[in-house]
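Be aware that the sequence shown starts at 95, since it is given in the numbering used here, and climbs by one per residue.
For each residue, glycine too, the CB sits at the ideal point set by N, CA and C.
Written out below as structure tokens is the structure these notes cover.
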Amino acid sequence: MIAAHRRRIEKNDREKIFVISHAADFPKNSPVDLISAEIDARVAEFLARDQAFFSVPSDKAQVQAQEVKGDTRDLLIDNLLDIVTGADAVGADTIPDVTGRFRMPHPRTDENLQTAAEKWFEETAPYENLFVGAGLDADFRRKLLDAKNDFQKACAAAGNIPEEHRAAFREMDLLMQEIMNLSRRRAALVKLKYKYNPGKLAAWSIAAYLDHPPKKKLEIVMQMI
């Protein structure tokens with residue numbers, strides 16, 4: 095299993111434990127319970143596919159190419175989410191419809207993420223000081239562009255592996271995207287349930303945290319591409 099997928103499976107495991115341990119708040123056949131069952135089924139399918147693929151010897155370079163693609167994708171998402179958070183902090187009173195302009199693309203396809211990065215790099219230029227004042231790093235726009243460029247390089251490198259392997263990884267990526275879309279729907283319901291309970295809301299946030307990829311190791315690999 096590549097690291098980007100493993101991080102999401104571990105995140106789902108933590109969320110699953112949280113929901114089970116708070117079963118009184120999410121009884122059987124409640125919306126959260128139903129979505130959780132759907133997630134469990136998708137995760138089981140994903141693990142079966144993953145095991146079948148990695149049970150046969152794979153070219154190390156091919157696996158590394160997918161590993162790097164997954165890590166650079168996560169770093170790009172991190173940079174996009176920083177801008178979403180910054181837009182919320184700046185507020186519509188300062189920039190009209192700022193939260194509508196800087197909203198994560200759906201679905202989060204490779205193409206949509208790159209398009210959003212290019213667009214947001216341009217559209218944040220006039221408001222750079224406002225975003226920095228709201229808490230973003232002074233070089234947040236450069237980091238966004240670097241993350242987008244690294245992801246493009248990684249996608250190109252991953253595109254050089256045999257088509258049958260690309261197809262297998264593509265199917266697993268799409269299945270993981272389905273799992274994460276369901277996870278986001280469940281998260282919205284959990285947050286709604288606990289909107290007046292800061293303690294449980296904080297506990298959920300810890301359980302639902304998605305670990306970041308190892309940036310320094312990734313920077314070394316990207317210099318080799």
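Subject >> Sufficient close CB pairs (3 or more, under 8 Å) joining the region 271 to 286 to the region 106 to 126 >> reply: Judged by Cβ distances under 8 Å, the region 271 to 286 makes contact with the region 106 to 126, as three or more pairs qualify.
**OP:** Could you check the C-alpha separation between proline 220 and lysine 247 for me, to the nearest Å?
**Re:** Taking the first residue of the sequence shown as 1, we reach residue 220 at position 126. Taking the first residue of the sequence shown as 1, we reach residue 247 at position 153. Going from the Cα of proline 220 to the Cα of lysine 247 covers about 28 Å.
Original post:
How big is the Cα-Cα spacing for lysine 163 and serine 124?
Top reply: As a working mapping, residue 163 is identified with position 69 in the sequence shown. As a working mapping, residue 124 is identified with position 30 in the sequence shown. When only Cα atoms are considered, lysine 163 and serine 124 end up about 37 Å apart.
Subject >> Three-state secondary structure (DSSP) of tyrosine 221 >> reply: The residue given as residue 221 occupies position 127 in the sequence shown. Reduced to three states, the DSSP call for tyrosine 221 is helix.
Subject >> 7 Å CB neighbourhood of phenylalanine 215 in its chain, flanking five on each side removed >> reply: Residue 215 sits at position 121 when you count from the first residue of the sequence shown. Around phenylalanine 215: Arg235, Leu238, Leu239.
Original post:
In whole angstroms, what is the alpha-carbon distance linking aspartate 172 and aspartate 187?
Top reply: Against the sequence shown, residue 172 aligns to sequence position 78. Against the sequence shown, residue 187 aligns to sequence position 93. Approximately 25 Å, taken between the alpha carbons.
Original post:
Under three-state DSSP, which class holds proline 125?
Top reply: Translated into the one-based positions of the sequence shown, residue 125 becomes position 31. If DSSP states are grouped into helix, strand and coil, proline 125 belongs with the helices.
Subject >> Distance, aspartate 231 Cα to leucine 174 Cα >> reply: Here residue 174 is taken as the residue at index 80 of the sequence shown, counted from 1. Here residue 231 is taken as the residue at index 137 of the sequence shown, counted from 1. Rounded to the nearest angstrom, the two C-alpha atoms are 13 Å apart.
Subject >> Residue span of the alpha helix (DSSP H) that contains alanine 98, given as start and end >> reply: Sequence index remark: in the sequence shown, residue 98 carries index 4 (1-based). For alanine 98, the enclosing alpha helix (DSSP H) starts and ends at 97 to 115.
Original post:
Given a threshold of 16 other Cβ atoms within 10 Å of its Cβ, counted over all protein chains shown, does aspartate 244 qualify as buried or as exposed?
Top reply: If you number the sequence shown from 1, residue 244 lands on position 150. Classification for aspartate 244: buried.
Original post:
By the 10 Å Cβ neighbour count, where 16 or more other Cβ atoms means buried, how is arginine 264 classified, buried or exposed?
Top reply: Locating residue 264 in the sequence shown gives position 170, where the first residue counts as 1. It counts as exposed.
Original post:
Between the beta-carbon of isoleucine 255 and the beta-carbon of alanine 159, is there less than 8 Å?
Top reply: Within the sequence shown, residue 255 is the residue found at index 161, counting from 1. Within the sequence shown, residue 159 is the residue found at index 65, counting from 1. A contact, by the Cβ cut-off of 8 Å.
**OP:** Evaluate phenylalanine 148 with the Cβ neighbour count: other Cβ atoms within 10 Å of its Cβ, from every protein chain shown; 16 or more gives buried, anything less gives exposed.
**Re:** The residue you call residue 148 lines up with position 54 of the sequence shown. Counting Cβ neighbours within 10 Å, phenylalanine 148 comes out exposed, since fewer than 16 surround it.
Original post:
From Glu139, Glu161, Val157, pick the residue whose C-alpha is nearest to that of lysine 309; which is it?
Top reply: Along the sequence shown, one-based indexing puts residue 309 at 215. Closest in alpha carbon position to lysine 309, among Glu139, Glu161, Val157, is Glu161.
**OP:** Please confirm if the region 109 to 120 is in contact with the region 178 to 194, defined as three or more CB-CB distances below 8 Å between the two stretches.
**Re:** As far as the Cβ criterion goes, the region 109 to 120 does not touch the region 178 to 194, which means the pair count is below three.
Original post:
Do you know offhand how far leucine 128's Cα is from alanine 282's?
Top reply: On the sequence shown, position 34 is the one that residue 128 refers to. On the sequence shown, position 188 is the one that residue 282 refers to. Taking the straight line from one Cα to the other gives about 14 Å.
Original post:
So what's phenylalanine 189 in DSSP terms, helix, strand or just coil?
Top reply: Position 95 of the sequence shown, counting from 1, holds the residue named residue 189. Going by the sequence as given, residue 189 is isoleucine instead of phenylalanine. The three-state secondary structure of isoleucine 189, taken from DSSP, is coil.
Original post:
Quick one: what's got a C-beta closer than 8 Å to arginine 167's C-beta in the same chain, skipping five residues either side?
Top reply: Locating residue 167 in the sequence shown gives position 73, counting from the first residue. Cβ within range, chain order: Ala98, Asp204, Leu207, Phe245, Ala248.
Original post:
For the alpha helix (DSSP H) that contains aspartate 231, what are its first and last residues?
Top reply: Residue 231 sits at position 137 when you count from the first residue of the sequence shown. Segment: none, aspartate 231 is in no alpha helix (DSSP H) and carries neither H nor E.
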